[in-house]
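Peer 1: Its first residue numbered 91, the sequence shown is counted upward by one per residue in this note's numbering.
Just so you know, even glycine gets a beta-carbon here, dropped at the ideal spot from N, CA and C.
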Amino acid sequence: MNAFLISIPIYILTFFFISATDTSGSDFQLIKKGDGISFYERWITMKNGTKSREVKFTIEINAPTKNILEVLTKEEYGEKWNENTLDYKIKATENQSWISYIRYSFPFPLSDRECYLHNQLIETEQGSTILFRTEESRIFSKGEDLVQMTGLKGRWEIIDKRDHSLLRYHIISVPEKGLPRWIVDPIIRKNLWTTMETLKSTIEEI
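(1) Return the CA-CA distance between residue 176 and residue 193, expressed in angstroms with no decimal places.
(2) Check whether the Cβ of residue 121 sits closer than 7 Å to any heavy atom of the ligand GDP, and report yes or no.
(3) Given a threshold of 16 other Cβ atoms within 10 Å of its Cβ, counted over all protein chains shown, does residue 243 qualify as buried or as exposed?
(4) What are the residues that DSSP puts in a beta bridge with residue 298?
(5) Tell whether a beta-carbon distance below 8 Å holds between residue 144 and residue 262.
(6) In chain order, what residues of the same chain lie with their CB nearer than 6 Å to the CB of residue 168, ignoring the 5 residues before and after it?
(7) Cβ of residue 245 within 8 Å of Cβ of residue 220?
(8) Assuming residue 127 contacts residue 287 (C-beta within less than 8 Å), just tell me the rounded distance between them.
(9) Give the range of the beta strand (DSSP E) segment to which residue 175 is assigned.
(10) Between which two residues does the beta strand (DSSP E) harbouring residue 124 extend?
(11) Whole angstroms are fine: how far does the CA of residue 119 sit from the CA of residue 130?
(12) Hey, residue 190 and residue 209 are a contact pair by Cβ (cut 8 Å); roughly how many whole angstroms apart?
(13) Given a cut-off of 8 Å, decide if residue 236 and residue 204 are closer than it, judged by their beta-carbon atoms.
(14) Can you grab the Cα-Cα spacing for the pair residue 166 / residue 117, in whole Å?
(15) For residue 133 versus residue 289, is the C-beta distance shorter than 8 Å?
(16) So for residue 223, helix, strand or coil by DSSP?
(17) What is the DSSP secondary structure of residue 279, reduced to helix, strand or coil?
(18) Can you tell me which of 147, 137, 161 and 153 puts its alpha carbon nearest to the alpha carbon of residue 251?
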């Protein structure tokens with residue numbers, strides 16, 4: 091999602107799957123809420139002592155779950171809903187999995203980056219989950235010496251609520267070193283919120 095990152099503007103962060111046994115922290119803080127979107131955040135300490143940002147979104151969508159899957163898995167929608175994206179490509183692999191390529195243009199003081207994500211779709215009676223993680227590749231790179239993002243992991247959860255669909259996005263992230271939070275936090279939050287707003291509207295329009 092990224093995303094996040096997924097693959098979404100958490101692009102400047104490093105992601106890990108959430109494990110209650112490996113973290114400690116305070117309760118989630120509601121950062122922003124509106125138009126069926128809720129954005130939560132908290133700071134936690136991983137088992138190895140790393141200070142990490144945990145973020146989660148819940149999005150109520152007035153569209154069937156198949157629309158969510160279409161937007162999240164089709165190349166044609168990638169640049170539309172991913173904030174600060176210059177290029178977006180998808181290559182199918184096997185067993186409901188695919189590689190997605192995202193090239194990001196970030197505002198100063200952040201630099202442009204590229205990211206390859208391996209995505210895996212898991213479908214059950216309860217709903218669908220897309221797991222993603224970074225992997226090394228150059229299949230869509232254009233020869234430029236861009237920083238390639240690594241170490242990203244995350245998930246989307248898609249649930250049918252009968253009268254609407256529920257989309258959940260959940261990550262734990264380690265901010266990059268060298269930039270103070272008072273600079274990074276507003277960029278992260280603005281990009282995340284804008285991306286989720288655009289994702290919701292894109293899904294509801296198709």
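Peer 2: Result, derived from the coordinates:
(1) 5 Å
(2) No copy of the ligand GDP appears in this structure; indeed no ligand is present at all.
(3) buried
(4) The structure shown does not extend to residue 298, since the chain spans only 91 to 296, so no value can be given for it.
(5) yes
(6) 178
(7) yes
(8) 7 Å
(9) 175 to 182
(10) 119 to 124
(11) 5 Å
(12) 6 Å
(13) yes
(14) 38 Å
(15) no
(16) strand
(17) helix
(18) 153
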